[in-house]
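The listed protein sequences derive, respectively, from chains A and B.
Take the first sequence: its position 313, counted from the start at 1, is 313 in the UniProt record's numbering, and no numbers get skipped.
Take the second sequence: its position 222, counted from the start at 1, is 222 in the UniProt record's numbering, and no numbers get skipped.
Number of protein chains: 2
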Amino acid sequence: MTNWTLAARAAKMNPSAIREILKLTDRPGIISLAGGLPSPKAFPLNAFTEACATVMARDGASALQYSTSEGFAPLRQAVADLLPWDVNPDQVLITTGSQQALDLIGKVFLDKDSRMLVETPTYLGALQAFAPQEPVAVSVASDDEGIVIDDFAAKAGTGADKARLAYVLPNFQNPTGRTMSEARRAALVAKAAELNIPLIEDNPYGDLWFDEEPPLPLAARNPEGVVYMGSFSKVLAPGLRLGYLVAPAAVYSKFLQAKQAADLHTPGFNQRVVSEVIKDGFLDRHVPTIRTLYKAQRDTMLAALEREMAGLDVQWTRPVGGMFLWVTLPEGMNAQNLLAAAVERKVAFVPGAPFYADNADPRTLRLSYVTASSDEINTAIAALADAIRSTLAGA
Amino acid sequence: MTNWTLAARAAKMNPSAIREILKLTDRPGIISLAGGLPSPKAFPLNAFTEACATVMARDGASALQYSTSEGFAPLRQAVADLLPWDVNPDQVLITTGSQQALDLIGKVFLDKDSRMLVETPTYLGALQAFAPQEPVAVSVASDDEGIVIDDFAAKAGTGADKARLAYVLPNFQNPTGRTMSEARRAALVAKAAELNIPLIEDNPYGDLWFDEEPPLPLAARNPEGVVYMGSFSKVLAPGLRLGYLVAPAAVYSKFLQAKQAADLHTPGFNQRVVSEVIKDGFLDRHVPTIRTLYKAQRDTMLAALEREMAGLDVQWTRPVGGMFLWVTLPEGMNAQNLLAAAVERKVAFVPGAPFYADNADPRTLRLSYVTASSDEINTAIAALADAIRSTLAGA
């Protein structure tokens, strides 16, 4: 019927591979290692229930009214206090999940065809969030310690083609689970400052370390050179959609304008509830319970991989925090093709290809160890090994 | 310190005139007729408090988990059921306030320099939401019945310059308070279909009618020709940021992709709470109380204007619903200049100029009758008349 002319970008908006996969995982009996869903066991239900009642009783009318685009002042202060460097709450912008922070960053930094640098591989949701601005995403070579500095410099571009930003996820990266080393962080911050390229530091998982805290954030090393993003989705719960960014004063007002245009403000009720939950050091007591839970499930998955993949030429990362690990299949295999065989065996994962800005490695896939139980992880990894064996036999 | 190259659009992102004005209105003692804040007297606090407790007790873990980008299924069904035409819930997308629906519409329809048609004047927030796509907004002449059809056709453009969309707010428009007539709606829908121009129908105030329901929405007349936007902000409360759009199937999937990239999904907790509040016909009982409240305050403001502006060459609209009326000052006056004199007299309003896409009329200003009490409205209109008189005397 309608035959409207849409924006050029709309032609590229198609159902994502991951969305389609996640639909499969809703089928009864499927164990999903695909999604990035935090374990509901980690949600502090009682604290939320009490905070909702407290906020409604004390500030109900204010919580339900329009509020400021910057965010609820006590929550901005709480965010500043949580971060391990000297942050002025005036530089904190509360966002509707950290996904929205990515949308705002795209709007402020990227024109059509702007060059932007990303890790190899990188967070798929960031590629999607930046896509409406139609940038050119360029993969920078990355090893076990993170982004490779020489390649970062080589890909930085010059003049009109100079990279507008470099997007990195230093702690327990989505999708690989890897963590950028202390030395690499220092080198990246120095090189980015030298080249005057803004670093976009995404840190949703940083508090979910298992044995020791990761090195200091990039932003702590050069606050004027970094736009930092954080989230309450992994340390409290994602359903309230509360994230934040910390931006240098020189660009903060641009983010604020973009935020106001995008959704006026993040729901004030949600900001007040989270502010109420986290006061008095709640996160100091709560986050360790998540670390313990996820560490045990990571251990289960690593042990299951050792056991089940024995004799198969399969490799995987060994994350020291976060939610994901990254698997590389034997030479010649394709994770997308493996998925059908895996789903037949009642297990789902996310193929790695969509996480690459370019030159995808089709042998890769992402596994989450936080949503399924330990028993389910054991069953699922055995099923995955069976699918690999069967695919190798059929090849 | 930082000297980064930002997106071209960022140069245009500056603190809005209205934001700066609203800061003034926070000063103690100022009566604000400026903001579009619904009266907190209209917020159903008890119903929200109960719904929060119910949702947490029954579905707490689901409410706090990630959820689908389309929105919570029972809420999509409820929206479809509320609307006065045959709506398939599959075509309903829940948004983070209807401001976000505007952002998504810009992303799906507008390229840089795309022509878009708007009313004269139009909703400032829509201009801001579309701005990141850098379109060319063209004002279509508008009279008391709404957009003028001949001018709509004359401004439609052709070929690559053909308008990508026409944005209209038919009921109790923000900022003017005017309502599009039955005949004008029919003519606009027919002409837009003939020219194949998508109509964007924004209807946040439609339920806030005072004596009789407004004519049927444009979307009810040609669902395939209209993207319809609604909101719970004015009938329940804005602080939860819940809006929705209804899109023809041919473009729905594009909106869904844009939504996913923008913030993954609207907070599931909020969707469940509103779904819980409105089940069993709550709005049928609640909205009439808002109509009664706002009608009384409109009456107060109209009476005050008749009384206080007597002898001054001031004109104003007489809205039959909604939250705003529109004032035109005497020839030669400038509402922006008047504001300083008004604030001295402890009353604030919004100058009309920012609501024009082009050729602003500097004599115009917007007044809200919903936030201030009737006593405050009387005091404020007297002060405003005094400011006008004083400015005229000084001129």
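All C-beta atoms, glycine included, are put in the ideal place defined by N, C-alpha and C.
In this text the structure is predicted, and so the values were computed from the model without any measurement.
Which residues DSSP lists as bridging residue i, in chain order
i, result
"residue 95 of chain A", "A:243"
"residue 66 of chain A", "Residue 66 of chain A is not bridged to any residue."
"residue 143 of chain A", "A:146"
"residue 167 of chain A", "A:118 and A:200"
"residue 87 of chain B", "The partner list for residue 87 of chain B (beta bridge, DSSP) is empty, contrary to what the question assumes."
"residue 137 of chain A", "A:116"
"residue 315 of chain A", "A:328"
Inter-residue spacing [alpha-carbon to alpha-carbon] between residue i and residue j
i, j, result
"residue 216 of chain A", "residue 334 of chain B", "54 angstroms"
"residue 1 of chain A", "residue 379 of chain B", "Because residue 1 of chain A sits at a pLDDT of 49, beneath the cut-off of 50, its placement in the model cannot be relied upon, and the following sentence gives the value as read from the coordinates. Roughly 54 angstroms between the two C-alpha positions."
"residue 31 of chain B", "residue 11 of chain B", "34 angstroms"
"residue 326 of chain A", "residue 99 of chain B", "38 angstroms"
"residue 176 of chain A", "residue 161 of chain B", "46 angstroms"
"residue 110 of chain A", "residue 262 of chain B", "15 angstroms"
"residue 319 of chain B", "residue 37 of chain B", "17 angstroms"
"residue 271 of chain B", "residue 47 of chain B", "14 angstroms"
"residue 155 of chain A", "residue 131 of chain A", "20 angstroms"
"residue 278 of chain A", "residue 191 of chain A", "36 angstroms"
"residue 247 of chain A", "residue 151 of chain A", "26 angstroms"
"residue 370 of chain A", "residue 33 of chain A", "8 angstroms"
"residue 375 of chain B", "residue 206 of chain B", "26 angstroms"
"residue 76 of chain A", "residue 96 of chain A", "14 angstroms"
"residue 79 of chain B", "residue 229 of chain B", "11 angstroms"
"residue 187 of chain B", "residue 149 of chain B", "7 angstroms"
"residue 359 of chain B", "residue 381 of chain B", "27 angstroms"
"residue 204 of chain B", "residue 226 of chain B", "15 angstroms"
"residue 266 of chain B", "residue 69 of chain B", "7 angstroms"
"residue 307 of chain A", "residue 179 of chain A", "25 angstroms"
Residue i - DSSP class collapsed to helix/strand/coil
i, result
"residue 390 of chain A", "helix"
"residue 1 of chain B", "Low confidence applies here, because residue 1 of chain B scores a pLDDT of 49, under 50, leaving its location unreliable; read the following figure in that light. Of the three classes helix, strand and coil, the one that applies to residue 1 of chain B here is coil, per DSSP."
"residue 173 of chain B", "coil"
"residue 366 of chain A", "strand"
"residue 236 of chain A", "coil"
"residue 371 of chain A", "coil"
"residue 75 of chain B", "helix"
"residue 54 of chain A", "helix"
"residue 400 of chain A", "Residue numbering for chain A in the displayed model covers 1 to 395; residue 400 of chain A lies beyond these limits and cannot be assessed."
"residue 266 of chain A", "coil"
"residue 324 of chain B", "strand"
"residue 30 of chain A", "coil"
"residue 350 of chain A", "strand"
"residue 14 of chain B", "coil"
"residue 60 of chain A", "helix"
"residue 6 of chain A", "coil"
"residue 301 of chain A", "helix"
"residue 295 of chain A", "helix"
"residue 341 of chain B", "helix"
"residue 158 of chain A", "coil"
"residue 248 of chain A", "coil"
"residue 383 of chain B", "helix"
"residue 38 of chain B", "coil"
Interface flag, residue i vs chain D, CB-CB below 7 angstroms
i, result
"residue 43 of chain A", "In the structure shown, chain D does not exist; the protein chains are A and B."
Exercise for review: Check distances from the C-beta atoms of the segment 185-216 of chain A to those of chain B and list, in chain order, the residues that come in under 7 angstroms.
Suggested key: 196 and 198
Check your understanding: Which residues, taken in chain order from the segment 156-173 of chain B, show a beta carbon closer than 8 angstroms to some beta carbon of chain A?
Key -> 162 and 164
Exercise for review: With a floor of 3 residues, list each beta strand (DSSP E) that falls wholly inside the segment 181-241 of chain B, ordered by position along the chain.
Suggested key: 199-202 and 226-231
**Study point:** Residues within the segment 283-311 of chain B neighbouring chain A, beta-carbon criterion of under 7 angstroms
**Key:** none
Point to revise | Residues within the segment 259-271 of chain B neighbouring chain A, beta-carbon criterion of under 8 angstroms | key: 260, 261, 262, 263, 264, 265, 266, 267, 268, 269 and 270
Review point. The segment 93-122 of chain A: which residues have C-beta closer than 9 angstroms to a C-beta of chain B, in chain order?
Key: 95, 96, 97, 99, 100, 102, 103, 106, 107, 108, 109, 110, 111, 112 and 114
**Study point:** Interfacial residues, the segment 352-381 of chain B to chain A, with Cβ spacing under 8 angstroms
**Key:** none
Point to revise | chain B contacts from the segment 237-249 of chain A (Cβ-Cβ distance under 7 angstroms) | key: 237, 238, 239, 240, 241 and 248
**Study point:** Proximal residues, the segment 225-237 of chain A versus chain B, C-beta separation under 9 angstroms
**Key:** 225, 233, 236 and 237
Check your understanding: Got a sec: which bits of the segment 122-141 of chain A sit with their beta carbon under 8 angstroms from any beta carbon on chain B, in order along the chain?
Key -> 125, 128, 129, 131, 132 and 133
Practice item. Determine which residues of the segment 23-40 of chain B have a Cβ less than 7 angstroms from any Cβ of chain A, and write them out in chain order. Key: 37 and 40
Check your understanding: Given a limit of 7 angstroms on CB to CB distance, which residues of the segment 63-76 of chain A reach chain B?
Key -> 63, 64, 65, 66 and 67
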